[in-house]
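For reference, the structure is listed below as structure tokens.
In the numbering used here, the protein residues as written are 1233 to 1616.
What follows is the structure, encoded as structure tokens:
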């Protein structure tokens, strides 16, 4: 599991999510109207196997190989569904600039197909997807739950959803595997159904190459099998969105975050830690105090026999300007003799900003205005 996911699915983030979700459901008066609660989620579908398949081999065989392409192009799939179990035709995003008409022939009826140079979503494509959703939504206010990628947070998107009476609710980052219905129920089964269909597909085509034109042949059958009303309802119920259930998340989901979660100490507690940490002695910053000591000239009279037999490098000066007293040993460690290098201090401008969607939120223009002031990079709009 990604460490970020392990840390973010904690009780504080999840409780904050359900508190804000309940507030917006009551504000829109859709707590008991599942047909107005939608979820949109996109997934990168590799034109290859998603998981290592199990094979049937002769007993004792140590090496069993399956000849297939090692890598495949990535296609972005967008699914829409509401808490009532209804779905609308999916949206497909191919990588490229020119789209051929035959790529749409084998896709589900009503599917929306777009092209981008990188095959990834941007602000313009997300606005097009919202327009696609608006054709199928019921009249009146609807809530659209989505994950808050940077390309999803823009003034243009807010203008489009306001025009169609849609309210955007952004989930906390790195929690969609537990809090997003489509990710939780639809795309998990989609991967296994896809792999099963690909293995059957390879028996028909010797080149075992899945192209954009052949993509719809596999996708159409897999999509109908995965995006069922029962699966969609189960996704909303498992994540606690509808029926609204703040304790729907399993206790096992919080286990990875227990290690990094900060626990609050009870008030009035005077307990002290068992072990007290001590700092190791280290040289102070700045030049070393060590310097070459002037040799004291020997006097012809008045010297004791011990002083006459003392080596010159151990004879100390009696002058007042000497930095060290004569009763301290002259030999020092190498760390004390060398200068301490200057510490490189990072610029304040390079401090990493907190994620915009570190917690759940209702996306509004006022929020985006404050966000752009903190994150100037959000002003940039990618090209289609």
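Here a beta-carbon is modelled for each residue, glycine too, at the ideal position from N, C-alpha and C.
Next item on the list: Evaluate residue 1596 with the Cβ neighbour count: other Cβ atoms within 10 Å of its Cβ, from every protein chain shown; 16 or more gives buried, anything less gives exposed.
Entry: exposed
Check: What residue from 1381, 1395, 1441 has the CA that sits closest to residue 1363's CA?
Finding: 1395
Checklist line | Residue from 1305, 1465, 1447, 1268 whose Cα sits closest to the Cα of residue 1340 | finding: 1447
Margin query: Is the separation between the beta-carbon of residue 1450 and that of residue 1424 shorter than 8 Å?
Written below: no
Next item on the list: Count the other CB atoms, across all protein chains shown, that sit within 10 Å of the CB of residue 1251; report buried if there are 16 or more and exposed otherwise.
Entry: exposed
Check: Going by other Cβ atoms of all chains shown within 10 Å of its Cβ, with 16 needed for buried, is residue 1465 buried or exposed?
Finding: buried
Item checked: Top-ranked residue by Cα proximity to residue 1174, from 1331, 1472, 1592, 1397 -> Given a span of 1233 to 1616 for the chain in the structure shown, any question on residue 1174 remains unanswerable.
Item checked: Pick from 1381, 1418, 1474 that is closest to residue 1404, judged by C-alpha positions -> 1381
Next item on the list: Locate the beta strand (DSSP E) running through residue 1326, then write down its first and last residues.
Entry: 1319-1327
Check: Using the C-alpha atoms, what's the distance from residue 1486 back to residue 1281?
Finding: 30 Å
Next item on the list: At 3 residues or longer, and completely inside the stretch 1240-1301: list those beta strand (DSSP E) runs for me, N to C.
Entry: 1269-1278
Checklist line | Cβ contact (3+ pairs, closer than 8 Å) linking the stretch 1303-1319 and the stretch 1450-1462 | finding: yes
Notebook entry, point to check: Looking at residue 1481 and residue 1467, is the spacing between their C-beta atoms short of 8 Å?
Noted result: no
Notebook entry, point to check: At which residues does the beta strand (DSSP E) containing residue 1385 begin and terminate?
Noted result: First-last for residue 1385: undefined, no H or E at that position.
Check: residue 1415: which of 1377, 1436, 1391, 1440 sits nearest, CA to CA?
Finding: 1377
Note to self: Considering only the alpha carbon of each residue, which of 1436, 1373, 1263, 1443 lies closest to residue 1393?
What the structure shows: 1373
Checklist line | Unbroken alpha helix (DSSP H) run spanning residue 1419, endpoints | finding: 1419-1434
Checklist line | Boundaries of the alpha helix (DSSP H) in which residue 1484 is found, first to last residue | finding: That residue, residue 1484, is in no alpha helix (DSSP H); it is neither H nor E in DSSP.
Next item on the list: Following the continuous beta strand (DSSP E) through residue 1595, name the residue where it begins and the one where it ends.
Entry: No beta strand (DSSP E) holds residue 1595; DSSP gives it neither H nor E.
Margin query: Can you check which of these residues, 1474, 1442, 1470, 1492, is closest to residue 1301 by C-alpha distance?
Written below: 1442
Next item on the list: Count the other CB atoms, across all protein chains shown, that sit within 10 Å of the CB of residue 1244; report buried if there are 16 or more and exposed otherwise.
Entry: exposed
Next item on the list: Could you name the residues of the same chain whose beta carbon sits closer than 7 Å to that of residue 1242, not counting the 5 residues immediately before and after it, in chain order?
Entry: 1486, 1489, 1493
Item checked: Contact check, residue 1594 vs residue 1400, beta carbons under 8 Å -> yes
Note to self: Checking 8 Å against the spacing of the C-beta atoms, do residue 1271 and residue 1413 come in under that value?
What the structure shows: yes
Check: Measuring CB to CB, does residue 1344 end up less than 8 Å from residue 1323?
Finding: yes
Notebook entry, point to check: Relative to the alpha-carbon of residue 1327, which residue among 1346, 1590, 1408, 1320 has its alpha-carbon at the smallest distance?
Noted result: 1346
Check: Nearest to residue 1469 by CA position, among 1314, 1353, 1402, 1350, is which residue?
Finding: 1314
Check: When the distance is taken between beta carbons, is residue 1240 closer than 8 Å to residue 1419?
Finding: no
Note to self: Helix, strand or coil, according to DSSP, for residue 1234 in the structure here?
What the structure shows: coil
Checklist line | Through-space distance from residue 1459 to residue 1325, alpha-carbon basis | finding: 18 Å
Check: Between which two residues does the alpha helix (DSSP H) containing residue 1408 stretch?
Finding: 1408-1411
Check: Leaving out five residues before and five after residue 1320 in sequence, what residues of the same chain have Cβ atoms less than 6 Å from its Cβ?
Finding: 1312, 1368
Item checked: DSSP beta-bridge partners of residue 1309 -> 1275, 1324
Next item on the list: Helix, strand or coil for residue 1414, going by three-state DSSP, please let me know.
Entry: helix
Next item on the list: Out of 1375, 1408, 1427, 1359, state which residue places its alpha-carbon closest to the alpha-carbon of residue 1387.
Entry: 1359
Next item on the list: Let me know if residue 1379 comes out buried or exposed under the rule of 16 or more other beta-carbons within 10 Å of its beta-carbon.
Entry: buried
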